[in-house]
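Asks: Have a look at this one before I ask anything.
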Amino acid sequence: MEPGCDEFLPPPECPVFEPSWAEFQDPLGYIAKIRPIAEKSGICKIRPPADWQPPFAVEVDNFRFTPRIQRLNELEAQTRVKLNYLDQIAKFWEIQGSSLKIPNVERKILDLYSLSKIVIEEGGYEAICKDRRWARVAQRLHYPPGKNIGSLLRSHYERIIYPYEMFQSGANHVQCNTQPFDNEVKDKEYKPHSIPLRQSVQPSKFSSYSRRAKRLQPDPEPTEEDIEKNPELKKLQIYGPGPKMMGLGLMAKDKDKTVHKKVTCPPTVTVKDERSGGGNVSSTLLKQHLSLEPCTKTTMQLRKNHSSAQFIDSYICQVCSRGDEDDKLLFCDSCDDNYHIFCLLPPLPEIPRGIWRCPKCILVECKQPPEAFGFEQATQEYTLQSFGEMADSFKSDYFNMPVHMVPTELVEKEFWRLVSSIEEDVTVEYGADIHSKEFGSGFPVSNSKRNLSPEEKEYATSGWNLNVMPVLDQSVLCHINADISGMKVPWLYVGMVFSAFCWHIEDHWSYSINYLHWGEPKTWYGVPSLAAEHLEEVMKRLTPELFDSQPDLLHQLVTLMNPNTLMSHGVPVVRTNQCAGEFVITFPRAYHSGFNQGYNFAEAVNFCTADWLPAGRQCIEHYRRLRRYCVFSHEELICKMAAFPETLDLNLAVAVHKEMFIMVQEERRLRKALLEKGVTEAEREAFELLPDDERQCIKCKTTCFLSALACYDCPDGLVCLSHINDLCKCSSSRQYLRYRYTLDELPTMLHKLKIRAESFDIWANKVRVALEVEDGRKRSFEELRALESEARERRFPNSELLQRLKNCLSEVEACISQVLGLVSGQVARMDTPQLTLTELRVLLEQMGSLPCAMHQIGDVKDVLEQVEAYQAEAREALATLPSSPGLLQSLLERGQQLGVEVPEAHQLQQQVEQAQWLDEVKQALAPSAHRGSLVIMQGLLVMGAKIASSPSVDKARAELQELLTIAERWEEKAHFCLEARQKHPPATLEAIIRETENIPVHLPNIQALKEALTKAQAWIADVDEIQNGDHYPCLDDLEGLVAVGRDLPVGLEQLRQLELQVLTAHSWREKASKTFLKKNSCYTLLETLAQTAPSVAGGGRRRWGCTNVTQSCWGCLHRTSETQALWLWPSRKGNRRRRRVSCSCVAPTQPSPVHWHHPSWPLLRLLSVCVGRCQLGWELCSVTCVRTGSMGSVCQCPISLPLQSPVSLHLHC
């Protein structure tokens, strides 16, 4: 019982590499770089940079191919062994006239092969029965205990396997229960796979698996036309309706050809028919014999001469040696022997139908070795589109979901389940090993017929193009002229789901690289080269039947084995999923296999680098032991490279020299042995001009190049010098050596190769002496540079020694650059030092330790002496502090001119900076100095924080910080006073200003506050003058004072009174306008009030007016005492002057004081209540003084005021 597919455990992942663009430029160099890591796994995956995306260059419309057919369960080695075993048992039983039905045990098909193998391992059938160990057999088959399965297995073994084993051992009679086959209802009838018979065979219309034909009523025989058209029938040479078996020879064909000939039967046939009650059967048997026997004229004549008794007596049973019961006597269709049906093992209940063969022939047939396993070619030709449609349809139908949604893990588990199943036959197709030279590569090719775009040209020359990689300069295969398909010329692979490539290693154990152009992933499994022999050993141990008949099975790419099985036997296996656009590299002698997850298109090729040469030589020895043909001659390849050593890459030259040396030593030994044998004749042969099949050793099949042994009497063959005793039986004197080079020419070639290979050693020795100063002489910079140039020109490898030389040159260049900068800095009086004193000393030590003679070292010593002298002088100046600032500054400038940063110079710089800063602070805070702003003070504080600390500096910094804090606090107060909504009285502002007078800093907000306070004081003075003066201010003056007072950031008590006066004046003017002005009047209020009363003319009216007023009378004022008014007139010069006038109108005096009011009077409040009428009949309105509260009346007579009227008129209350 094998583990189920659900238990398949994926092996660990192989290494994955992602090169940078710089690493990607050198393909073979990058592969050599990752080889130490990747070689341990056998395979690795490389993801190119994301921008590297070669276009697909295959002409899709013209691409047509015929795939190969793969039956999955025939690929796996252990499953194929089981199927072959079942085919043999099925063949055995169908020849016996029965069909094989495989029983089910515990709802699973019984593994007959494992049962047979375990029975043998346990000592055989008799031993197990004797010891009653069938329960142990069931346990080893992983059946559960306690269900009496052992007895059931014994029954099946006795019924199915034991008779076959007896035939295999050659036994004649064994009593066993072989009854009956059809009682097991659940048994499944087995249809043989006939694996060896299908290889490279087209399907036949006679390929039915019906193993029995009606013997008494034979089916129609195939015609000669069918035989000629059907290669399977031609190959098998069996044309009857019975089972098709290999190895029956030409006689069967000759027999069949006699079927339709007229045969004269001997008279005994008739006699036997008459004598026997069952004569029809016997005569049929005899006629069958006669019809199948090659009946030549001589044979028929001899039979006619026999007597009937002799002819009948010749038909006797080969078991019991009796001829009775001829109605139960069977005639073998192969060897003409006779057997009773009851003498056979097992006995037959009746005469079988169809062709029957005796036990001897069955034994011979069953023991015939199977033919080599291979793949069939499909009959249908596909395009990429038609194959893709078929592949996608198959996958979607199989998994019942879209192809892109099937998980890779599910496909992997299902694949290994199918290849291990003997019940399920799943067939897929794989377009493998398609020649790119015929169908076109997936990469752009430079020599293609069509013109390439610039992008395609870039990819056509890329080293990662599989058409380019095998012929790169670092590749060995570029020295092979022939286009070896699959090695130098890529092969194409069009896959579908489950299509597989079996365990194999590359030809000549070379590298391989596979690129997946597009499609679904390809799953890989790899085994490192160190475990290659272990893998071979495990597979041979587990499936010896396959390797016994086909020793080079693993070289045929037709056999799989579950990775879990290999891992359980200690074989290290890795896996990976190769996605589109990724490379997979396999390393020398690394076994690899895998399968496709779905429809995809891949391309693969081999390549060989210098490190492959030892593996290639070992591979030839391996092929020699297996007698396998070589793809190319390894000796020829080595000699061809050795003939032109200067063209070789140095790494390749070194590797070729080692291989050539081993090859020459071996050739000397072999030729010496040939000479000792007595072969003295020799002739030169240009083996490279001969076809490979004319220079192959007839013993080991290796391709000869350096030498071969031939015979004058046997010109058809030759052997390599390793098999000189296997050529022929002729005398050594008739044999002669065919050689390509003499033993003198080979050392000459080796010497030239050595010069090229050792040129690196010579150069390396020079470099080593120069770098380590072994001879005591330092080389100049020019000499070292010349050694580096030689390495570059002769293409030496990037070794550790070359890297040391490059590093040394880089250090020398850096030292020279520093010295030149130091010297030029002194000349240019650079302010910024380039080196510290420590670095200068390190530089001097480094220049002394480098293996290069530099004359600049004297300049460095001079600078160091100057620095040391300056250092002593600076220390003296610092020790006598406080020194003169001028002296310190002078020393500082001298230190800056040295170009070297001296520690004392730094201390001098600190002292100078401290002195300068303290002087600036002192000047800024001096009482006589102009006050600096806050920004200046803050700058001084920031600058003080940067300089070195000292007691004086710390004190000055603290005082400056305290001053700034106080100044900023008063600035904030001033700002608050200026911006606050609640204005402060002048006294508060005066107190703030008084507090800041002693601060030696210019405070902008305090200054603004001072200006605001000055303006407020002036405003208050103006208000006091108006209020306390003898005259009334005009309205415009009051409005101006109000506007100024509102803008001042000072709280003013008089501002509110002025605002009320202005508001009252504006209110009265509005009332007067409503009273004196009519609607749509063309006069202004002043014009209306300035008009005088009309005079009496003839009508008896009297004219009222003022007689003692020099100017036009503005109205009548009536007081109880004197009637006076203060008039304010504008003068011509624009100023205002006061004038006192008196009104002496003749209007009768009113008993109560009446005050007439001008619209411009701001201090009177007019009430709209009529209190009587004046003498002229006009209404009198009540008037109240807003200042004193005095009340009076005013007459609203319509007197117009002229434009030159006074600005305002005040009434003395």
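Counting in the working numbering, the sequence shown runs from -6 upward without gaps. We treat Cβ as the ideally placed atom computed from N, Cα and C, and that holds for glycine. Nothing here was measured: the structure is a model prediction, and the numbers come from that model.
For K759, collect the residues of the same chain with a Cβ closer than 8 Å to its Cβ; drop the 5 residues on either side in sequence, then sort them by chain order.
Replies: Translated into the one-based positions of the sequence shown, residue 759 becomes position 766. Cβ neighbours of K759 beyond the five flanking positions: L780.
Asks: May I ask you to report which of helix, strand or coil DSSP gives W502?
Replies: Taking the sequence shown and counting its residues from 1, the one referred to as residue 502 is at position 509. The answer is helix: DSSP assigns W502 an H, G or I state.
Asks: Is it buried or exposed, C1075, if we count other Cβ atoms within 10 angstroms and call 16 or more buried?
Replies: Sequence index remark: in the sequence shown, residue 1075 carries index 1082 (1-based). By the 10 Å Cβ count, C1075 comes out exposed.
Asks: Thinking just about the alpha-carbon of each residue, which of A1005, A750, D545 and L795 is nearest to the one in E1222?
Replies: Here the chain has residues from -6 to 1206 only, and residue 1222 is not among them.
Asks: Note down the Cα distance separating G710 from A646, rounded to an integer number of angstroms.
Replies: Position 717 of the sequence shown holds residue 710. Position 653 of the sequence shown holds residue 646. If you take the alpha carbons of G710 and A646, they lie about 35 Å apart.
Asks: Could you tell me which of P993, D947, D1029 and L1045 sits nearest to H977, measuring between CA atoms?
Replies: As a first step, residue 977 must be located in the sequence shown, where it is residue number 984. The shortest C-alpha separation from H977 is found at L1045.
Asks: Of the choices K915, S468, V893 and Q882, whose alpha-carbon is the least far from that of V905?
Replies: To locate residue 905, count along the sequence shown from 1; it is residue 912. Among K915, S468, V893 and Q882, the Cα nearest to that of V905 belongs to Q882.
Asks: Pull up the CB-CB distance for F408 and V399, whole angstroms please, since I reckon it's below 8 Å.
Replies: Position 415 of the sequence shown, counted from the start, is the residue given in the question as residue 408. Position 406 of the sequence shown, counted from the start, is the residue given in the question as residue 399. About 12 Å separates the two Cβ atoms, so there is no contact after all.
Asks: How would you call C328, buried or exposed, if buried means at least 16 neighbouring beta carbons within 10 angstroms?
Replies: In the sequence shown, counting from the first residue as 1, residue 328 sits at position 335. So C328 counts as exposed.
Asks: Apart from the five residues just before and just after L445, which ones in its own chain have a Cβ nearer than 8 Å to its Cβ?
Replies: As a first step, residue 445 is located in the sequence shown; it is residue number 452 there, counting from the start. So the qualifying residues of the chain are P437, S439 and A453.
Asks: Take C707 and list the residues in its own chain whose beta-carbon comes closer than 8 Å to its own, dropping the five residues that flank it on each side.
Replies: Residue mapping note: residue 707 aligns to position 714 of the sequence shown, counting from 1. Closer than 8 Å at the Cβ level, and outside the excluded window around C707, lie L720, C721 and C723.
Asks: Among C7, F753 and F49, which residue has its Cα nearest to the Cα of K33?
Replies: Within the sequence shown, the letter at position 40 stands for residue 33. If we check each option's Cα against that of K33, C7 comes out closest.
Asks: Taking K38 as the reference, give the member of S505, Q811 and F368 with the closest Cα.
Replies: To locate residue 38, count along the sequence shown from 1; it is residue 45. Answer by Cα proximity: S505.
Asks: Excluding five sequence neighbours on each side, which residues of the same chain lie with their C-beta closer than 6 Å to the C-beta of R727?
Replies: The count along the sequence shown starts at 1 and reaches residue 727 at position 734. Result list for R727: C704, Y705 and D706, in chain order.
Asks: Which ranges would you report for the beta strand (DSSP E) in the stretch 921 to 982 if only whole runs of at least 3 residues count?
Replies: none
Asks: Leaving out five residues on either side along the sequence, give the residues of the same chain with a beta carbon under 8 Å from the beta carbon of T420.
Replies: Taking the sequence shown and counting its residues from 1, one reaches residue 420 at position 427. Closer than 8 Å at Cβ, skipping near neighbours: I62, Q63, R64 and L65.
Asks: Assuming the contact rule is C-beta atoms closer than 8 Å, R610 and E652 should be a hit. Round their C-beta distance to whole Å, please.
Replies: Taking the sequence shown and counting its residues from 1, the one referred to as residue 610 is at position 617. Taking the sequence shown and counting its residues from 1, the one referred to as residue 652 is at position 659. Indeed they touch by this definition, with Cβ atoms about 6 Å apart.
Asks: Tell me which same chain residues have a C-beta within less than 6 Å of the C-beta of V469, skipping the five on either side of it?
Replies: For the purposes of this step, residue 469 is identified with residue 476 of the sequence shown, where counting begins at 1. Contacts found: C601.
Asks: Taking the alpha-carbon of S943 as reference, which of Q903, M383, V566 and F432 has the nearest alpha-carbon?
Replies: Translated into the one-based positions of the sequence shown, residue 943 becomes position 950. Comparing Cα-Cα distances from S943 to each of Q903, M383, V566 and F432, the minimum goes to Q903.
Asks: Thinking just about the alpha-carbon of each residue, which of P4, Q864, L730 and F387 is nearest to the one in T673?
Replies: In the sequence shown, the residue the question calls residue 673 occupies position 680. The candidate whose alpha carbon is nearest that of T673 is L730.
Asks: Taking F774 and V805 to be in contact with their CB atoms under 8 Å, please state how far apart those CB atoms are, rounded to whole angstroms.
Replies: Residue numbering aside, residue 774 sits at position 781 when the sequence shown is read from its first letter. Residue numbering aside, residue 805 sits at position 812 when the sequence shown is read from its first letter. Yes, F774 and V805 are in contact; Cβ-Cβ is about 6 Å, under 8 Å.
Asks: What does A595 pair with, by DSSP beta-bridge criteria?
Replies: Looking up residue 595 in the sequence shown gives position 602. Paired residues: Y486 and L509.
Asks: Identify every residue that forms a DSSP beta bridge with T569.
Replies: Here residue 569 is taken as the residue at index 576 of the sequence shown, counted from 1. According to DSSP, T569 bridges with W517.
Asks: In the DSSP assignment, find the unbroken beta strand (DSSP E) run with V421 in it and report its ends.
Replies: Numbered from 1 along the sequence shown, position 428 holds the residue referred to as residue 421. Unbroken beta strand (DSSP E) run through V421: T420 to H428.
Asks: Hey, how far is the Cα of F789 from the Cα of P20?
Replies: Indexing the sequence shown from 1 puts residue 789 at position 796. Indexing the sequence shown from 1 puts residue 20 at position 27. Their Cα atoms are separated by approximately 18 Å.
Asks: Is the beta carbon of Y622 closer than 9 Å to that of K694?
Replies: As a first step, residue 694 is located in the sequence shown; it is residue number 701 there, counting from the start. As a first step, residue 622 is located in the sequence shown; it is residue number 629 there, counting from the start. Taking 9 Å as the Cβ cut-off, K694 and Y622 qualify as a contacting pair.
Asks: In chain order, which beta strand (DSSP E) runs of at least 3 residues are fully inside the stretch 16 to 52?
Replies: 36 to 39
Asks: Using only alpha-carbon positions, find the residue among C122, L702, T569 and N474 that is nearest to V624.
Replies: To locate residue 624, count along the sequence shown from 1; it is residue 631. Among C122, L702, T569 and N474, the Cα nearest to that of V624 belongs to N474.
Asks: Looking only at its chain, what residues have a beta carbon closer than 6 Å to the beta carbon of A967, apart from the 5 residues adjacent to it on each side?
Replies: Start at 1 with the first residue of the sequence shown, and residue 967 comes out as number 974. N998, I999 and L1002.
Asks: Going by DSSP, which residues form a beta bridge with C690?
Replies: Within the sequence shown, residue 690 is the residue found at index 697, counting from 1. Its beta-bridge partners are L711.
Asks: Let me know if F594 comes out buried or exposed under the rule of 16 or more other beta-carbons within 10 Å of its beta-carbon.
Replies: The residue given as residue 594 occupies position 601 in the sequence shown. Its Cβ being crowded by 16 or more others within 10 Å, F594 is buried.
Asks: So, with DSSP's three-state summary, where would you put E676?
Replies: Here residue 676 refers to the residue found at position 683 of the sequence shown. In the three-state reduction of the DSSP assignment, E676 falls in the strand class, which pools E and B.
Asks: Helix, strand or coil: how does DSSP classify W1012 here?
Replies: As a first step, residue 1012 is located in the sequence shown; it is residue number 1019 there, counting from the start. Helix.
Asks: Let me make sure I understand the geometry here. Which of E676, A675, F698 and G671 has the alpha-carbon closest to that of L683?
Replies: Numbered from 1 along the sequence shown, position 690 holds the residue referred to as residue 683. Checking every option, the nearest Cα to that of L683 belongs to F698.
Asks: Closer than 8 Å is the cut-off here; do at least three beta carbon pairs connect the stretch 47 to 60 with the stretch 78 to 92?
Replies: no
Asks: Compute the distance between the beta-carbons of G591 and V396, then report whether it is under 9 Å.
Replies: For the purposes of this step, residue 591 is taken as the residue at position 598 of the sequence shown. For the purposes of this step, residue 396 is taken as the residue at position 403 of the sequence shown. In this structure, V396 lies closer than 9 Å to G591 by Cβ.
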